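Here is the structure we will look at.
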Amino acid sequence: MSQMGAGPVRPIAIIGGTGPAGMWLALRWARAGETVIIGSRERARAEQAAAAIKARVGEHAAVSGLENSAACAAADILVLTVPFEGQAALIKRLKSAMTAGSILIDATVPLAASIGGRASRTVGVWQGSAAEQARELVSNDVSVVAAFHNVSAELMGGDNPLDCDVIVCSDDRDAAQLTRELAAKIPGIRPIDGGKLENARIVEQITALLIGLNIRHKGHAGIRITGLPPIAYR
Ligand SMILES: NC(=O)c1ccc[n+]([C@@H]2O[C@H](COP(=O)([O-])OP(=O)(O)OC[C@H]3O[C@@H](n4cnc5c(N)ncnc54)[C@H](OP(=O)(O)O)[C@@H]3O)[C@@H](O)[C@H]2O)c1
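Quick note on numbering: my numbering labels position 107 of the sequence shown as 98, and the sequence is numbered without any gaps.
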């Protein structure tokens, strides 16, 4: 399925792309020459975000803004970057706009902050993880991948290479490979084949730990997994 490698891939729609997690992924992919559509509940907000990215990258940047459902309809690579409290309702609303064969890359972390708790804690999700909740809610012809949970959006929004591994989990090997190739387009990010989607249960939890470490040590923590053979990092 992957048509990638070094060249640009198909358009990437970032649903909820006006917040730091989505917007700065968009920035990095726009810099890498990818075509990115920012999605928002309000088209005007999406257009503002797209304009802000163009101001950073240059007018040649292939970035535009659309309302979320129009963004879904315009791309078959979808990246979901919304707070956990909005994830389920938004997926239900967008389900009919997602085209058959789409890949939904979910970065949602079920932080307890969603229900008024601490950002350094998570809430239990019946399906096991936010990503598995997403899989339950999309059509069977949409593949779900979990990725980008452990990357600091603040560092992503800067100009320097990142220093972080991205663990990619999915039950669809092709969708996972495409996601890893997309992650590798961001300088300093090293994607790792994280196995099945159920492993998102663990990866999502790591983010809460990183947030706690950031609060304690006033930093922007990321992760590096060492000791694996090169094939794990492709
Ligand atoms: N920030 C990070 O460092 C980071 C890192 C890794 C993963 N994540 C995860 O990525 C997700 C997004 O993080 P973020 O910091 O970018 O979040 P955010 O700024 O709170 O939200 C992102 C966007 O989601 C939309 N949104 C907010 N509430 C919504 C709702 N109830 N229903 C539908 N859309 C809603 C908003 O866009 P519109 O108002 O324009 O629609 C908002 O700009 C979260 O699940 C977070 O845990 C974050």
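Ideal Cβ placement from N, Cα and C applies to all residues, glycine included.
From a predicted model like this one, the values you see are computed outputs, not experimental measurements.
Q: Give a single yes or no on whether Gly108 has its beta carbon closer than 8 angstroms to a heavy atom of ligand 1.
A: Counted from its first residue, the sequence shown places residue 108 at position 117. No, ligand 1 has no heavy atom inside 8 angstroms of this Cβ.
Q) Are the segment 130 to 146 and the segment 97 to 104 in contact at 8 angstroms, needing three or more beta carbon pairs? A) Short answer: they touch.
Q. Are Ile28 and Gly8 touching if we call contact CB-CB under 9 angstroms?
A. On the sequence shown, residue 28 is found 37 positions in, with the first residue counted as 1. On the sequence shown, residue 8 is found 17 positions in, with the first residue counted as 1. In this structure, Ile28 lies near Gly8, with their beta-carbon atoms less than 9 angstroms apart.
Q | Cβ separation of Pro152 and Gly179, assumed to be a contact under 8 angstroms, to the nearest whole Å | A | Translated into the one-based positions of the sequence shown, residue 152 becomes position 161. Translated into the one-based positions of the sequence shown, residue 179 becomes position 188. Indeed, because the Cβ distance is near 3 angstroms, the residues count as touching under 8 angstroms.
Q.
Going by beta-carbon coordinates alone, are Arg126 and Val135 separated by less than 9 angstroms?
A. The residue given as residue 126 occupies position 135 in the sequence shown. The residue given as residue 135 occupies position 144 in the sequence shown. For Arg126 and Val135, yes; Cβs fall inside 9 angstroms.
Q. Is the segment 182 to 198 close to the segment 117 to 126, with three or more CB pairs under 8 angstroms?
A. Touching, per the Cβ criterion.
Q) DSSP state of Leu71, grouped into three classes? A) To locate residue 71, count along the sequence shown from 1; it is residue 80. In the structure shown, Leu71 sits in a strand (DSSP, three-state: E or B).
Q.
Please list the terminal residues of the continuous beta strand (DSSP E) segment that includes Arg181.
A. Within the sequence shown, the letter at position 190 stands for residue 181. Bounds of the beta strand (DSSP E) holding Arg181 are 180 to 184.
Q: Mind checking which residues open and close the beta strand (DSSP E) that includes Ser161?
A: Numbered from its first residue, the sequence shown carries residue 161 at position 170. Secondary structure note for Ser161: its beta strand (DSSP E) is the uninterrupted segment 155 to 161.
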